[in-house]
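When you line the sequence shown up against my numbering, it's residues 399 to 551, in that order.
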Amino acid sequence: MMMKKTGLLAVLTAGVLLLAGCGGEAKTIDAQALAKSLATEIKYDDTLKELTADEISMLVDLPEDVDSVMYAGSGSTAEEVGVFTAKDSNQAKETMEDVQKYLDDQADSFQDYVPEETKRIGNAVLEQKNQYVVLCVSGDSDQAKEIIEKAFK
């Protein structure tokens, strides 16, 4: 009886160790490089420039310890790119909600200012991948998705 319990315990322990090994760690990406790729590999109507941390904080209300990289145009279009790195997937979920609120506010602003830009905002790519949130407002959502997928492979 003792031998069966020991054998069962060994099998269960091995199973737990195997499952833990399968989980793997979330992929770490270069957020700066991804943002730059999105800003340079897609054709935009406006010229995008990298924003400072202060400029980003005036646009998007993010949790304090989220690292962010954003590129935006002159304001005549809604075109922009953002890559936000949270400390974990829970904070990334909160960041995703904050960025979605920002997009909603942008849609409201452009509705009165340049209504045709609201379609571009409506087709924005906004994805959460592990602890990352990626935003791309462009005329080519498919290309943006391809660039994002490539970065996370």
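Glycine included, C-beta positions come from ideal geometry on N, C-alpha and C.
Within 10 angstroms of the beta-carbon of Gly480 lie 16 or more other beta-carbons, which makes it buried.
Here Ser472 is exposed, its C-beta having fewer than 16 other C-beta atoms within 10 Å. Pairing Val467 with Ala429 gives a Cβ-Cβ distance under 8 Å. For Cys534, the closest C-alpha among the options Asn528, Gln504, Ile519 and Met456 is that of Ile519. For Gly471, there is no enclosing beta strand (DSSP E), since its DSSP letter is neither H nor E. In the structure shown, Phe508 adopts helical secondary structure according to DSSP, grouped into three states.
The Cβ atoms of Glu477 and Asp444 lie closer than 8 Å to each other. For Leu524, the uninterrupted beta strand (DSSP E) run begins and ends at Val523 to Lys527, by DSSP. Judged by beta-carbon spacing, Met494 lies within the 8 Å limit of Gln526, meaning their Cβ atoms are closer than that value.
For Gly480, the enclosing beta strand (DSSP E) begins and ends at Glu478 to Thr483. Taking C-beta atoms under 8 Å as the contact rule, Pro461 and Glu492 qualify, at a distance of about 6 Å.
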